[in-house]
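Colleague:
Protein chains in written order, with this note's numbering: chain X, 21 to 132; chain A, 8 to 122.
#1: Just to confirm, is the Cβ distance from residue 96 (chain A) to residue 43 (chain A) under 8 angstroms?
#2: Note down, in chain order, each residue of its chain lying with its Cβ closer than 8 angstroms to the Cβ of residue 110 (chain A), except the 5 sequence neighbours on either side.
#3: Pairing CB atoms from the region 50-61 of chain X with CB atoms from the region 97-112 of chain X, are three or more of them under 8 angstroms?
#4: Residue 124 (chain X) and residue 116 (chain A): beta carbons closer than 8 angstroms?
#5: Please check the pair residue 30 (chain A) and residue 72 (chain A), which I expect to be a contact at CB under 8 angstroms, by giving their CB distance rounded to whole angstroms.
#6: Please return the same chain residues whose Cβ sits closer than 6 angstroms to the Cβ of residue 78 (chain A), not counting the five positions on each side in sequence.
#7: Nearest to residue 92 (chain A) by alpha carbon, out of A:121, A:114, A:75?
#8: How many whole angstroms separate the CB atoms of residue 24 (chain X) and residue 122 (chain X), which I take to be in contact at a CB cut-off of 8 angstroms?
#9: Helix or strand or just coil, what does DSSP make of residue 101 (chain A)?
#10: Can you pull the chain A residues whose beta carbon is under 9 angstroms from the beta carbon of residue 129 (chain X), in chain order?
#11: Helix, strand or coil, according to DSSP, for residue 84 (chain A) in the structure here?
#12: Out of A:86, A:27, A:9, which one is the CA nearest neighbour of residue 35 (chain A)?
#13: Just checking residue 105 (chain X) against the ligand MG - is the residue's beta carbon closer than 7 angstroms to any of the ligand's heavy atoms?
#14: Quick check: the Cα distance between residue 44 (chain X) and residue 17 (chain A), rounded to an integer number of angstroms?
#15: In terms of residue numbering, what span does the beta strand (DSSP E) encompassing residue 25 (chain X) cover?
#16: Just to make sure I have the definition right: I need the residues of chain A whose C-beta is within less than 7 angstroms of the C-beta of residue 65 (chain X). Which are they?
#17: Examine chain A for any beta-carbon lying closer than 8 angstroms to the beta-carbon of residue 24 (chain X), and answer yes or no.
#18: Taking DSSP as the reference, what is the three-state secondary structure of residue 82 (chain X)?
Here it is in structure tokens:
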């Protein structure tokens, strides 16, 4: 079936790197996404990766995609208190109406 | 641009009452979506629309109805609210461009409590 799984909680010290992991099920997914949700707000697209890529880097963010294991990760370098939020992994199925399947979200807590 | 807006932001209903949630977008997007977010679960798609005058069921459509009479608006209705519909509801829109990464833009959410 369609499923995206993530660990629910991650705590890191300010200045350290954070790594949030996700596994997905559909090997034909075209795009995979990371969305960020700050308290009381809607989701905002943080970054995405096309399925034919292994890695994507965008400033402090690094996305790694292992298609064989259907594993996606988001690394945040030099994590700041402003990075505290819930991070959702999502996969897009090929064709159709831009159907996204979301994971349950990982709550990232950054402490001094 | 305001992006995606939702009204109301909060609402408390009694079981059996009805209400309509309004979503509006000013980006001229073709696609619009209604999701619900429950603790420990990802967003689940309730209904969606691929254009004005069209609607379709998502993963969890039971107990909800939708209408898309104007391109910029997508309404979500609860005819007879139940406590199981207590949730945070998010509207989103996107502009389908075939093979592009096609970002969905989300509203701020409506927190609904059904007593």
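Ideal Cβ positions, reconstructed from N, Cα and C, are used throughout, including at glycine.
None of the values given here were measured: they were computed from a predicted structure.
Modeller: Taking the structure as given:
#1: Yes, the pair counts as a contact, with Cβ atoms nearer than the cut-off.
#2: 101
#3: yes
#4: For residue 124 (chain X) and residue 116 (chain A), no; Cβs fall outside 8 angstroms.
#5: Contact doesn't hold; Cβ gap of about 14 angstroms is too wide.
#6: 59
#7: A:121
#8: 6 angstroms
#9: strand
#10: Proximity of chain A to residue 129 (chain X) at the Cβ level (cut-off 9 angstroms) is not reached, the minimal Cβ distance being about 16 angstroms.
#11: Looking at residue 84 (chain A) - three-state DSSP - the assignment turns out to be strand.
#12: A:9
#13: Although the ligand MG was asked about, the structure shown includes no ligands whatsoever.
#14: Looking at the two C-alpha atoms, the distance is approximately 33 angstroms.
#15: 24-26
#16: 110
#17: yes
#18: strand
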